[in-house]
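Below is one structure, written out as structure tokens; the observations come after it.
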Amino acid sequence: MSKARASLSRTTLVHLALIGYTLIAVFPVFLTLINSMKSRNAIFRNPMQFPTTETFDLVGYTTVLGQGDFASYFQNSFIVTVAAIALVLLFGAMAAFALSEYRFRGNTLMGLYLALGIMIPIRLGTVAILQGMVATGLVNTLTALILVYTAQGIPLAVFILSEFMRTVSNDLKNAGRIDGLSEYAIFFRLVLPLVRPAMATVAVFTMIPIWNDLWFPLILAPSEATKTVTLGSQLFIGQFVTNWNAVLAALSLAILPVLVLYLVFSRQLIRGITSGAVK
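Residue numbers for the sequence shown follow UniProt numbering, so the first one is 1 and each next one is one higher.
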């Protein structure tokens, strides 16, 4: 009985810790959403209070949608994010399949080399990246952002997907080869459908830093035609005066795509996190 109680106590403590962490993580989002629908005075007077009939005000959303080309910013962020995720999933999955399926000289070293991309922040190479983009004429283009974010996301994708692909039955792949399937057909028709949870996990982990990034849009694509949502939100932050209604409204609108992605892939994401790579 004592062991059962000890196990129950540990489980309870773990759940309490997770609930506490969740509340800490969700609190800034909650605070942003409720204050985006309040007047400026109400934001500073009582930021923790829900909007009331006296404090409810959508002036922030009116400002965001009326000033600047916020629809264009959303479109730029959407194009960059979708294109980068697609390339990360494609190239990351192909590299993971090669590393997990074939044995060749340098296999382990190649895996370790790609793993360095997880440990070393890509921002350390900002100067070299900027010089390369200037030399190729890609500054102030969405292509520059897509290339950088693809390079940023591939190491994590390879790390996660390679572990999942090692769990795919060799008998299944060998049966496909006996039936005359090419390696590409085995990859696309047999392996990828079985690692969908891992693909969803990679997609979510890749999207969040891309969508929220301010560093590379500010350096590589600061022009009006290529601004992203995060960079566009800086229009309302001045040196002496900051329009907090507009800033909070812009951030609230920027949160929505991440929430939608999580709701769409939540089941696959949970399966990917709790199995395969974390066994």
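We put the beta carbon where it would ideally sit given N, CA and C, even for glycine.
| query | result |
| --- | --- |
| Drop a sphere of 10 angstroms on the beta-carbon of Thr53, count the other beta-carbons inside from all chains shown, and report buried for 16 or more, exposed for fewer. | exposed |
| Distance cutoff 8 Å, beta carbons only. Does Phe70 sit that close to anything in chain C? | Given the protein chain composition of this structure (a single chain), no chain C is represented. |
| With burial defined as no fewer than 16 other Cβ atoms inside 10 Å of the residue's Cβ, what is the status of Ile85: buried or exposed? | buried |
| Output the residue ranges of the alpha helix (DSSP H) runs that lie fully inside the segment 115-166 and measure 4 residues or longer, sorted by chain position. | 126-136 and 142-165 |
| What does the alpha-carbon distance come out to for the pair Leu124 and Gln152? | 12 Å |
| Three or more C-beta pairs closer than 8 Å, one from the segment 203-219 and one from the segment 165-181: is that the case here? | no |
| How long is the line joining the alpha carbons of Asn76 and Val260, rounded to whole angstroms? | 18 Å |
| In three-state DSSP terms, what is Leu263? | helix |
| Taking 7 Å as the limit between beta carbons, can you name the residues of its chain near Leu31, skipping five residues before and five after? | Pro47 |
| Would Phe97 and Met165 be called neighbours here (beta carbons separated by less than 8 Å)? | yes |
| When you compare only the Cα positions, how much space is there between Ala254 and Val229? | 7 Å |
| Taking Cβ positions, are Leu33 and Ser252 nearer each other than 8 Å? | yes |
| Under a Cβ-count criterion, where at least 16 other Cβ atoms within 10 Å of its own Cβ denotes burial, should Val82 be classed as buried or exposed? | exposed |
| CB-CB under 7 Å to Lys279, same chain, minus the five flanking residues each way: which ones, in chain order? | Here the model assigns Lys279 a pLDDT of 44, short of 50, so the residue's position is not dependable and the matter cannot be decided. |
| Report yes if the CB atom of Lys38 is closer than 8 Å to the CB atom of Thr22, and no otherwise. | no |
| Is it true that the CB of Val80 sits closer than 8 Å to the CB of Leu142? | yes |
| Can you name the start and end residues of the alpha helix (DSSP H) that Gly106 belongs to? | That residue, Gly106, is in no alpha helix (DSSP H); it is neither H nor E in DSSP. |
| What is the DSSP secondary structure of Thr11, counted as helix, strand or coil? | helix |
| Measure the alpha-carbon distance for Phe44 versus Thr11 and round it to whole angstroms. | 40 Å |
| Within 10 Å of its beta-carbon, does Tyr61 have 16 or more other beta-carbons around it, so buried, or fewer, so exposed? | buried |
| Would you mind reading off the limits of the alpha helix (DSSP H) that contains Thr52? | Run containing Thr52: none; DSSP gives neither H nor E here. |
| By how many angstroms is the C-alpha of Ala250 removed from the C-alpha of Asn243? | 11 Å |
| Hey, how far is the Cα of Ala185 from the Cα of Tyr149? | 28 Å |
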